[in-house]
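> Right, I'll just put the structure down here and ask away after.
Residue numbers (this note's numbering): 1019 to 1201.
As structure tokens, then:
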């Protein structure tokens, strides 16, 4: 399926249960892009489909209240296909979650400030693994922007095991504007 057919096949996104102070338009933008990450037959589709968008907020930065940051909260439950041989969430699954989820607040803040709110491309991802999570555990992913500029943006994310009340991983991501293909 080509890109245009896939985008046409995306059903309308409902955000009735999404909390936060972001505009309806920004919430819909984030939800639509989260849904786009669920492209059938591509890497991580089932993991992306398991994510529930809980909150989209645009807030004053704690350290610099005249600046804004976006905060996105998502939830998922650990499924069989997320596990490694030891029965814990695989590091590659956590890396995938860090990649797509920490992209969302960058898109939200850009959109809320009148930009296009595009995902860009990953330039650098850094992850610290703190504790394991097992089958059936409920995960809460809290991700916020650090900076969003014209060419680069960065965000941070904490992945919490809400079942056992412990941090399982934390990470940062630097994204850059995607350049056009020269082919």
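Where is the CB? At the ideal position from N, CA and C, for every residue including glycine.
If you're wondering where the values come from, they're calculated on a predicted model, not measured in any experiment.
Restricting to Cα atoms, I'd like to know which of 1147, 1055, 1126 is closest to residue 1087.
Numbered from its first residue, the chain shown carries residue 1087 at position 69. Residue 1126 is the option with its Cα nearest to residue 1087.
> Look at residue 1036 and residue 1071 and say whether their C-beta atoms are less than 7 Å apart.
Locating residue 1036 in the chain shown gives position 18, where the first residue counts as 1. Locating residue 1071 in the chain shown gives position 53, where the first residue counts as 1. Result yes, Cβ atoms of residue 1036 and residue 1071 sit closer than 7 Å.
> Pull up the DSSP beta-bridge partners for residue 1106, would you.
Stepping through the chain shown from its first residue, residue 1106 is reached at position 88. Note: residue 1106 sits in a beta bridge opposite 1152.
> Can you list, in chain order, the residues of its chain with a C-beta nearer than 6 Å to that of residue 1093? Leave out the 5 residues immediately preceding and following it.
Within the chain shown, residue 1093 is the residue found at index 75, counting from 1. Closer than 6 Å at the Cβ level, and outside the excluded window around residue 1093, lie 1070, 1072, 1158.
> Where does residue 1019 sit, in a helix, a strand or coil, going by DSSP?
Counting from 1 along the chain shown, the entry for residue 1019 is found at position 1. Note on residue 1019: pLDDT 47, under 50, position unreliable in the model; no value is reported.
> Per DSSP, residue 1140 is paired with what?
Position 122 of the chain shown, counted from the first residue, corresponds to residue 1140. Residue 1140 is bridged to 1193.
> Could you check the C-alpha separation between residue 1075 and residue 1055 for me, to the nearest Å?
Working through the chain shown from its first residue, we reach residue 1075 at position 57. Working through the chain shown from its first residue, we reach residue 1055 at position 37. Approximately 21 Å, taken between the alpha carbons.
> Taking residue 1140 as the reference, give the member of 1150, 1173, 1050, 1131 with the closest Cα.
Here residue 1140 is taken as the residue at index 122 of the chain shown, counted from 1. Answer by Cα proximity: 1173.
> Once the 5 residues before and after residue 1019 are set aside, which same chain residues still bring their CB inside 6 Å of it?
The residue given as residue 1019 occupies position 1 in the chain shown. Note that residue 1019 has pLDDT 47, beneath the 50 cutoff, so the model's placement of it is unreliable and no number is given.
> Helix, strand or coil: which one does DSSP assign to residue 1178?
The residue given as residue 1178 occupies position 160 in the chain shown. Strand.
> Which one of 1038, 1062, 1192 has the shortest CA to CA distance from residue 1138?
Mapped onto the chain shown, residue 1138 falls at position 120. Taking only the C-alpha atoms, the option nearest residue 1138 is 1192.
> Per DSSP, what are the beta-bridge partners of residue 1087 in this structure?
Counted from its first residue, the chain shown places residue 1087 at position 69. The partner list for residue 1087 (beta bridge, DSSP) reads 1077.
> Per DSSP, residue 1184 is paired with what?
By 1-based counting over the chain shown, the position of residue 1184 is 166. According to DSSP, which records beta bridges pairwise, residue 1184 is partnered with 1179.
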